[in-house]
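**Q**
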Amino acid sequence: NKKAVIGGIAGLFYMLALLKSGDAKHLKQAIAISTPLMQNSGYLSNAYGLLHEMTVLQQGNLAARQRLFELIECYGDDAEDSFGRFFSKLCLYWLDLDEARAESPRPLGIFAEEANDAGFYWFATEAAEILSRLIPDSDYRAWADQRVGVSIVDTLEPQSTWEISLKALTKVAGVSSNDAKTERRLAWFLTLYTKHWLLQPREQKLSAKGTWTKGRVVALSRLAKNASEFDYLTAQDLKACNHIKYDYYSGSQYALNRDAIKALVGHPLVFWEDSPTVRVEIVAATPELVIEQAGDGTLILKMEPAISPGDGITLLKETPTRVKVLEVTSEHQQIAEILGKRNQLTVPAAGHEQVLAAIQSVSSLVTVHSDIDGDMDDVEAIEADAKPHVHLMPAGDGLKLSMLTRPFPNSGAYYPPGTGRKTVIAEIDGKRSQATRDLAMEKRLAQDIQQACPALQLGEEAEGEWILDEPETCLELLLQLEAVEEDIVLEWPEGEKLKIRNKAGIDGWRLHIKQEQDWFSVSGELELDDGSVMDMQALLSLLDQTSSRFIPIGDGQFLALTQAFRKRLDEFRAYSERHGKGARFHPLAALALEETLDEVGQLKADKTWKSHIKRLKESKTIAPEVPSTLQAELRDYQQEGFQWLAQLAHWRVGACLADDMGLGKTLQALAVILMRAPGGPTLVVAPTSVGANWISEAQRFAPTLNVFQLGSGDRQAVVDQLSGFDLLVCSYGLLQQPEVAALLAEIEWQTIVLDEAQAIKNSATKRSQAAMKLKAGFKVVTTGTPIENHLGELWNLFRFINPGLLGSSEKFNERFAIPIERHQDKQARLWLKKLIQPFMLRRTKAQVLDELPSRTEITLHVKLSGEEKALYEALRRDAIAKLTTTDAKAGAKHLQVLAEITRLRRICCNPKLVMPEMPPTSAKLQLFGEVLEELLSNRHKALVFSQFVDHLTILREYLDKRNITYQYLDGSTPVKQRKQRVDAFQSGKGNVFLISLKAGGTGLNLTAADYVIHMDPWWNPAVEDQASDRAHRIGQTRPVTIYRLVTEGTIEEKIVELHNKKRDLADSLLEGADMSGKLSTDALLQLMSEEA
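Residue numbers (UniProt numbering): 1 to 1092.
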């Protein structure tokens, strides 16, 4: 039944058929066929060698690519080898089409002519077929069409290396996905008893999930009689099955005899019966004669393990996953009989020489492990090897490692390092030899290896074995072992399972950058440590398979990237997107990629890139003078802010000035506006409440600017007359009107400033859409809170100042928003921060204003009265009942939930806000009165914020009854009156300023107050902080205290808890700003459902 091996020319065609199939089994079969034929096929050997390497490459072994190029160069011009010449050109066509077009036409044309003249028409037409594809529209097409039959040129399609690699990834298991469902194997399950053991073979199947089933028992009779029907049995399985014998006594049963276990030494699929996922290592060993020396010199001889009469094979469980198979010979039995039933012979110290003589006699029969040594005839003394032997074997998805010592370097028994007797005597290669162990050195060397392999600390250690469950840890261990390979002997008892085939660092990364429309495209390749090359697209595709630095490349083999290189690659992928045969990135991502590009092994770039980098470097060195016409002395940090803005303007990119409230963002913006004013008009878009402030600040600090306010008059006439030094102020309300948006979009502004730019945070709003149409040489957004609710707001701000830098909304969410907001991905957060940092300047008061007085925040807990608590609870239960029975769709239900929550928040302030018939008394109003009375009695002034205007109305009535003077401002207050009331408060008219949170939270300077009272918590702490900064800002000379009134046991406490949980994200990105994330409908419901 021996399989015939097809050789000769027929074998070449058989190889081609297997290659064309592409199936993993067929590729493996092609390797098996070609391996001997490439050595002994005479004039066809070179052709077999080429097809062999092409098959290896198809399996995903990229190292074969380089070997193929070397063979092609070697055989391609050999006039004595027609097959080698032809298959060289054919393989080059499959391997690298561009290289084939450049190198092959002339020599292949000569070959075709020679073949045709010699009458070798098949060679001629096949060569013409290749030429017709290399040189389209040539005469070779007609020549090739004379061929009879199918061309072998179509055996493979020309493919790039990355395509071959990806195809190989699908074959990592060694089979195609269709074959995997029927893949089977025979596993052996072992049970150990005191005096005997049981072996049970089971057939296991590979499940659809890629895991092996528990297996079904296979009848021993079938394995004995019809082993050939199990086509998946290995040679070692068959060897074990040869020990299945018929039990003649029972007449009906088959059984495995005791020798079967010997056949399983080194078998990869032996498991414990009672722990079927724990793999067992079966190793061969022999009994030993041990000589121990007691303290008084007495010598004790014994056999290890003890041998019972009749023993032929003994199993010894050495560790939880390692079993020794000891074959007991008749000589061993004789020695055991001499030692007696107690397995011990005691010899007095005086018998030392006689024991040595006995050792010398039996050392050819049994290994001797002794505490004593001495000169013995015919025993060669050799130097014991103290080098640790590291045994590795697969264990589940990981590895098991054991560290042993083998005194005789290439044979003999293994011992745990530093344990046992110092002298070992055994017959090695037919000679009796003695090795004297240095137990202390063995122990020290083993400890050195442990210290050199920190991955071991991540595994579980027991009885000298380490179990490492995580594949990542195993691969780290392999690299660490590779680093100490000269100090160890590495053994895979079951054959190599995992292998680091190549290593690569950033110094092997070669890149080429060139402009491609509005992007920079990047192509390149990675040179591996064996000299082979992986192209950019293959590398990026493989990186998608795993987040590890160990990249699977098939057949249990891995490409090991350095940690630093993997980090740089991930960073590159975060700032770029796949494109063509490589990637592309936004020009402004150059700053974020600067370190990576500096570290690559080779960088080639076009003139545009070099010019881009030159302008970037020039921008960093610009240090313009503050315009002399600016009527203000800038503080140091404001001077830095001006220079930063000027540098970005020179680079022609936008800027986000995100300084803390009250640090003079308007003044810094005016300075850069003045610098650029000669070049054309400036547009400032600001909230209505802040527009007047811009006009007054511009008139005060930049009197050379001509300031206009876009109002209800002839807007076209105003815009038409604008020129250099003109500054137009427009409100967001006007900007969102279609006719105004169209009017402003027609102008090429010198500078545009969007103040309080959080106004365009929502990309779906009309004002945001109108802002995106504005054109300017330099765009600036100023905001103290660039992120209020979620990262999508930051994306929209950058879409205005530097469109495309953060990618599309979908890409931004995929790369940054979702990983950061949902998964708290710190690395994604760092990448985003690095990307936006060059274009965002954020300073907090604590960082730059040493002279600013202290700021203290205090939460005052309000205890509801019994009646209020009952009303609140009734309202809460009613809300939950309504919401749990609603059949509204998702969006509508979300709005319903928010409406119910608003009712709960309002009743926390005052029951009258929900039930108008109730009197205006409440626990919160009472506490407010007590706090206010104390403040006023100590001559303090207070800003009082509420988000509910009707709550402010209740507070006004309270103040009126007590004759407390106050100022008032909400969204309905006209612009002129706003300024009048602010000026009045600042000049001392009124001790209290009642302010609607949304209407007065930005753009106001109210440093006359040194206390701030927030009557009700808002979802977003950044909005509250912004409001508090009306008092805590430049010009404030007294400490500022901020009170928050929060009702106990209500939804208000839940909102404050959310504040604490949500501050981290913006802090980490902006180093100062704050935010709260979007809450889902379920999360909102939970706020109501849970008791506080």
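C-beta atoms are modelled at their ideal positions from N, C-alpha and C, and glycine is treated no differently.
DSSP three-state call for residue 918: helix, strand or coil?
**A** coil
**Q** If you follow the beta strand (DSSP E) that residue 1018 is in, where does it begin and where does it stop?
**A** Counting along the chain, residue 1018 sits inside no beta strand (DSSP E), nor does DSSP assign it H or E at all.
**Q** Just grab the DSSP bridge partners of residue 602 for me.
**A** Partner(s): 510.
**Q** How many whole angstroms separate the CB atoms of residue 435 and residue 382, which I take to be in contact at a CB cut-off of 8 Å?
**A** 6 Å
**Q** Can you tell me where the alpha helix (DSSP H) with residue 885 in it begins and where it stops?
**A** 866-885
**Q** Helix, strand or coil: which one does DSSP assign to residue 145?
**A** Correct three-state label for residue 145: coil.
**Q** Distance, Cα to Cα, residue 778 vs residue 607?
**A** 25 Å
**Q** Pull up the DSSP beta-bridge partners for residue 434, would you.
**A** Answer by DSSP bridge pairing, in chain order: 381 and 425.
**Q** Find out if the Cβ-Cβ distance for the pair residue 668, residue 648 is shorter than 8 Å.
**A** no
**Q** Nearest to residue 472 by alpha carbon, out of 547, 509 and 860?
**A** 547
**Q** Tell me, which residues are paired with residue 755 by DSSP?
**A** 782
**Q** Below 8 Å between beta carbons: does that hold for residue 71 and residue 105?
**A** No. Outside cutoff.
**Q** Which same chain residues, not among the five before or five after residue 519, have their C-beta less than 6 Å away from its C-beta?
**A** Cβ-Cβ distances below 6 Å link residue 519 to 584 in the same chain, with the five nearest sequence neighbours on each side left out; the list follows chain order.
**Q** Tell me the residue span of the beta strand (DSSP E) that contains residue 675.
**A** First-last for residue 675: 665-676, but that is the alpha helix (DSSP H), not the beta strand (DSSP E).
**Q** For residue 386, name the three-state secondary structure that DSSP assigns.
**A** Assignment of residue 386 by DSSP, reduced to helix, strand and coil, places it in the coil class.
**Q** Of the choices 246, 210, 236 and 211, whose alpha-carbon is the least far from that of residue 222?
**A** Among 246, 210, 236 and 211, the Cα nearest to that of residue 222 is on 246.
**Q** Note the first and the last residue of the continuous beta strand (DSSP E) segment covering residue 14.
**A** Membership of residue 14 in any beta strand (DSSP E) is not indicated; the residue belongs instead to the alpha helix (DSSP H) covering 8-21.
**Q** Exposed or buried, what is residue 10 when buried is set at 16 or more other beta-carbons lying within 10 Å of its beta-carbon?
**A** Residue burial annotation: residue 10 is exposed, with fewer than 16 other C-beta atoms found within 10 angstroms of its C-beta.
**Q** If we call anything under 8 Å between Cβ atoms a contact, is residue 868 one with residue 923?
**A** yes
**Q** Going by DSSP, what residue range makes up the alpha helix (DSSP H) through residue 637?
**A** From DSSP, the alpha helix (DSSP H) with residue 637 extends over 636-651.
**Q** From residue 985 to residue 694, what does the alpha carbon distance come to, in whole angstroms?
**A** A direct Cα-to-Cα measurement between residue 985 and residue 694 gives close to 20 Å.
**Q** So the candidates are 580, 1025, 702 and 981; which of them puts its Cα closest to the Cα of residue 784?
**A** Nearest C-alpha to residue 784 among 580, 1025, 702 and 981: 1025.
**Q** Within 10 angstroms of the Cβ of residue 303, are there 16 or more other Cβ atoms? Answer buried if so, exposed if not.
**A** buried
**Q** Assuming contact is defined by CB atoms lying nearer than 8 Å, are residue 264 and residue 244 in contact in what I supplied?
**A** no
**Q** Who are the Cβ neighbours of residue 409 in its own chain at under 6 Å, not counting the five residues just before and after it?
**A** 385
**Q** Below 8 Å, can you find three or more Cβ-Cβ pairs linking the segment 991-1008 to the segment 802-818?
**A** no
**Q** Do you know offhand how far residue 398's Cα is from residue 525's?
**A** 32 Å
**Q** How big is the Cα-Cα spacing for residue 73 and residue 115?
**A** 20 Å
**Q** Tell me the DSSP bridge mates of residue 398?
**A** 395
**Q** Ignore the nearest five residues each way along the sequence and tell me which others in residue 135's own chain have a CB closer than 7 Å to its CB.
**A** Excluding positions up to five away in sequence, the list reads 105.
**Q** Return yes when the Cβ of residue 781 is within less than 8 Å of the Cβ of residue 812, no when it is not.
**A** no
**Q** Buried or exposed: residue 938, going by 16 or more other Cβ atoms within 10 Å of its Cβ?
**A** It counts as exposed.
**Q** Would you mind sorting residue 225 into buried or exposed? The rule is 16 or more other CB atoms within 10 Å of its CB.
**A** The residue is exposed, with fewer than 16 neighbouring Cβ atoms inside 10 Å.
**Q** Starting from residue 967 and walking both ways along the beta strand (DSSP E), at which residues does that stretch end?
**A** 966-969
**Q** Using the C-alpha atoms, what's the distance from residue 790 back to residue 1095?
**A** Examination of residue 1095 is not possible in this model, given that the chain is present from 1 through 1092 alone.
**Q** For residue 122, count the other beta carbons within 10 Å of its own beta carbon; 16 or more makes it buried, fewer makes it exposed. Which is it?
**A** Exposed is the call here.
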